[in-house]
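Enquirer: This note's numbering applies: residue 931 is where the sequence shown begins, and numbers increase by one.
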Amino acid sequence: MSATKVSNRRLEERTSGPVISPIEAEERSRAWLTWLRAIESFFDLSLHPRRNTSEAKLDLTNELSILRQAAQRALRLLAVGSVRDASGDVLREALGEFAVMCETVERANARVWESLKGAFVCRVWERSAVANSLAIAVHAEEEEVHPRLRAAVRSVAHPWLRDDLRLIFVSLARMLGWQRLIELELEKDRPLKVVLPIFTLIHKEARQLVSFIETRALHSQGLDAHIFDALDASAYAMSMELNKVFTHELIGVAESRDASEIYARVEDATGLLCDCFQQTTVGVAQLFDATINGAELFASYKTRLEQSLCLRRDIWTLSQIIRRLERERHHLATSKLVESLEAFRRGSMRFLMYKDWESLERFIEEVTTARGVSELIPVLHRFSIYLETLFRQVNMRLVLADHPFEPPTETDLLSSDAMARKIFD
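(1) Which residues in the same chain as residue 1101 place their Cβ atom closer than 7 Å to its Cβ, once the five residues preceding and following it in sequence are excluded?
(2) Quick one: what does DSSP say residue 1121 is sitting in, helix, strand or coil?
(3) Taking the alpha carbon of residue 1110 as the point to measure from, which residue in 971, 1004, 1072, 1129 has its own alpha carbon closest?
(4) State the Cα-Cα distance for the pair residue 1126 and residue 1283, rounded to the nearest angstrom.
(5) According to the Cβ coordinates, are residue 1239 and residue 1225 closer than 8 Å?
(6) Do the stretch 1066–1075 and the stretch 1180–1194 touch if we need at least three Cβ pairs shorter than 8 Å?
(7) Write down the C-beta distance between residue 1132 and residue 1021 rounded to the nearest angstrom, noting that I regard them as a contact closer than 8 Å.
(8) Quick test of your reading: residue 972 and residue 1016, contact by CB under 8 Å. State the CB separation rounded to the nearest angstrom.
(9) Rounding to the nearest angstrom, what Cα-Cα distance links residue 1172 and residue 1148 in this structure?
(10) Going by Cα to Cα distance, which pick from 1051, 1170, 1039, 975 is closest to residue 989?
(11) Excluding five sequence neighbours on each side, which residues of the same chain lie with their C-beta closer than 6 Å to the C-beta of residue 1336?
(12) What residues in its chain sit with their C-beta under 8 Å from that of residue 1085, if we drop five residues either side in the sequence?
(13) Is DSSP giving residue 1302 helix, strand or coil here?
(14) What does a CB cutoff of less than 8 Å around residue 1215 pick up in its chain, not counting 5 residues either side in sequence?
(15) Rounded to whole angstroms, what is the Cα-Cα separation between residue 1018 and residue 977?
(16) In terms of alpha-carbon separation, which member of 1318, 1306, 1243, 1290 lies closest to residue 1333?
(17) State the DSSP-derived secondary structure class of residue 1200, mapped to helix, strand or coil.
(18) Taking 8 Å as the limit between beta carbons, can you name the residues of its chain near residue 1285, skipping five residues before and five after?
(19) Given this structure, state the Cα-to-Cα distance separating residue 1338 from residue 1287, to the nearest angstrom.
(20) Using the C-alpha atoms, what's the distance from residue 1058 back to residue 1066?
(21) Indicate the three-state DSSP secondary structure (helix, strand or coil) for residue 1338 in the structure shown.
(22) What number of angstroms, rounded off, separates the C-alpha of residue 1245 from the C-alpha of residue 964?
(23) Indicate the three-state DSSP secondary structure (helix, strand or coil) for residue 1132 in the structure shown.
(24) Between which residues of its own chain and residue 1207 is the CB-CB distance below 6 Å, once the five residues before and five after are set aside?
(25) Pick out whichever of 1088, 1037, 1291, 1164 has its Cα sitting closest to the Cα of residue 1143.
(26) Could you check what DSSP says for residue 957 in three-state terms: helix, strand or coil?
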């Protein structure tokens, strides 16, 4: 047996998972293809969350490690995928050989990266099994668009606009599906660097969608002004969110060794993209059917809305409590304040992004350990300023765009909020 085949067998043993049910296998049947698409996009360095660096100086060793993990993930998923004919066997062997090749490379610069890209394209990406599966996936993605969205498309009188809308909805749904794979990695608390190729895949698709809207959809003859404005705003908002994710949130993730930092950055980036794609879908759909709402289209939308509403109110309430305690320090009941902070920690604090937990935990710790009013008042002042900033950040969530905040009066607050009553009763 050749050394390559021995290496392939060892790699497959390492990447093989537990036996799964037929239903789970069906759910994973296209996941391998998503990972191959992600690997293909990962070779395009312009899609990476990187600072500007001279190509000659690029050290891509961290990216190489991520590439290895992604290839192993694709190989493992392909073993339970939907390609069961001879072309599938050829693809599995080719992908295994590529994974072994990645294992043998210790460091990577731009030249090595291009060589690996050429090997992947030639040996894996151009296989007939990939092309056939891509064609099937594209058709399935069109069929999986929500029925309400398909009905909205059918209601459009102009054929050219119908085609444009269909493409926009399919692209948004496709990216939300890929984003869901990242969410699953977060939920299972797995190592997260491996999802960077999926982010680059989303980046590529989103760029193409923005370009499509700007160069074709907005230049269609006879486009109503309000539709033009809405599509233009959607393309602009998507560009802004992509910029946040790929020039800020994900910068340094490939190099980081801090698991908490990686988790926080990936969670933030995923949340921004999810909100953007869902909100864009809803906004465009409502141009043609005003009765459509996010909760109907997305199972997670209503939950995220309810969580965000609860979180926003609790942060505002906590802010008002802290400000009143600053003013009425002679009535300050530290023990009751600590109880309320603990209730917030056990309650809606979990709806915050992970990156905000540390700051809140630190303030709660300072309040808890303060010795007397003289130490506590400065902490409360800084805490109050922080909560006001945090409130503004939460209030900017796209899911709250149609839900402006209406602060209750102090009387209403004391009559309806248990946290406030506990301190001031």
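Glycine is no exception: its CB is placed at the ideal position from the N, C-alpha and C atoms.
Expert: In short:
(1) Start at 1 with the first residue of the sequence shown, and residue 1101 comes out as number 171. 1135, 1139.
(2) As a first step, residue 1121 must be located in the sequence shown, where it is residue number 191. Secondary structure at residue 1121: coil, using DSSP grouped into helix, strand and coil.
(3) Position 180 of the sequence shown, counted from the first residue, corresponds to residue 1110. When each option's Cα is compared against that of residue 1110, the closest is 1129.
(4) Translated into positions along the sequence shown, residue 1126 becomes position 196. Translated into positions along the sequence shown, residue 1283 becomes position 353. Spanning the two alpha carbons is a distance of roughly 19 Å.
(5) The count along the sequence shown starts at 1 and reaches residue 1239 at position 309. The count along the sequence shown starts at 1 and reaches residue 1225 at position 295. No, they are not a contact pair.
(6) The stretch 1066–1075, when compared against the stretch 1180–1194, does not touch it at the 8 Å Cβ threshold.
(7) Here residue 1132 refers to the residue found at position 202 when the sequence shown is read from its first residue. Here residue 1021 refers to the residue found at position 91 when the sequence shown is read from its first residue. Their Cβ separation, rounded to whole angstroms, is 24 Å, which puts residue 1132 and residue 1021 out of contact at 8 Å.
(8) Numbered from 1 along the sequence shown, position 42 holds the residue referred to as residue 972. Numbered from 1 along the sequence shown, position 86 holds the residue referred to as residue 1016. Not really, about 28 Å apart at Cβ, beyond 8 Å.
(9) Counted from its first residue, the sequence shown places residue 1172 at position 242. Counted from its first residue, the sequence shown places residue 1148 at position 218. Taking the straight line from one Cα to the other gives about 20 Å.
(10) Taking the sequence shown and counting its residues from 1, one reaches residue 989 at position 59. Closest by C-alpha distance to residue 989, out of 1051, 1170, 1039, 975, is 1039.
(11) Within the sequence shown, numbered from 1, the residue matching residue 1336 stands at position 406. Here the set comprises nothing.
(12) Counted from its first residue, the sequence shown places residue 1085 at position 155. Here the set comprises 1218, 1219.
(13) Walking along the sequence shown from the start, residue 1302 turns up at place 372. In the three-state DSSP reduction, residue 1302 falls in the coil class, being neither helix nor strand.
(14) Counting from 1 along the sequence shown, the entry for residue 1215 is found at position 285. Here the set comprises 1078, 1079, 1082, 1099, 1222, 1227.
(15) Reading the sequence shown from its first residue, position 88 is the one you call residue 1018. Reading the sequence shown from its first residue, position 47 is the one you call residue 977. If you take the alpha carbons of residue 1018 and residue 977, they lie about 29 Å apart.
(16) Here the question's residue 1333 lines up with position 403 in the sequence shown. Of the candidates 1318, 1306, 1243, 1290, the one whose C-alpha sits nearest the C-alpha of residue 1333 is 1243.
(17) Start at 1 with the first residue of the sequence shown, and residue 1200 comes out as number 270. Residue state for residue 1200 is assigned as helix, using DSSP reduced to three classes.
(18) Here residue 1285 refers to the residue found at position 355 of the sequence shown. Excluding the 5 residues flanking it on each side, residue 1285 has same chain C-beta neighbours closer than 8 Å at 1194, 1195, 1197, 1198, in chain order.
(19) By 1-based counting over the sequence shown, the position of residue 1338 is 408. By 1-based counting over the sequence shown, the position of residue 1287 is 357. Residue 1338 and residue 1287: Cα-Cα distance of roughly 26 Å.
(20) Position 136 of the sequence shown, counted from the first residue, corresponds to residue 1066. Position 128 of the sequence shown, counted from the first residue, corresponds to residue 1058. Rounded to whole angstroms, residue 1066 to residue 1058 spans 12 Å at the Cα level.
(21) In the sequence shown, residue 1338 corresponds to position 408, counting from 1. In this structure, DSSP gives residue 1338 a state outside helix and strand, which the three-state scheme calls coil.
(22) Counting from 1 along the sequence shown, the entry for residue 1245 is found at position 315. Counting from 1 along the sequence shown, the entry for residue 964 is found at position 34. One C-alpha to the other measures close to 39 Å.
(23) Along the sequence shown, one-based indexing puts residue 1132 at 202. Looking at residue 1132 - three-state DSSP - the assignment turns out to be helix.
(24) Position 277 of the sequence shown, counted from the first residue, corresponds to residue 1207. Answer for residue 1207: 1102, 1105, 1106, listed in chain order.
(25) The count along the sequence shown starts at 1 and reaches residue 1143 at position 213. The residue with the shortest Cα to Cα distance from residue 1143 is 1164.
(26) What you label residue 957 is simply residue 27 of the sequence shown in a count that begins at 1. The pLDDT assigned to residue 957 is 46, lower than 50, so where the model puts this residue is not dependable; a value taken from the coordinates is nonetheless given after this. If DSSP states are grouped into helix, strand and coil, residue 957 belongs with the helices.
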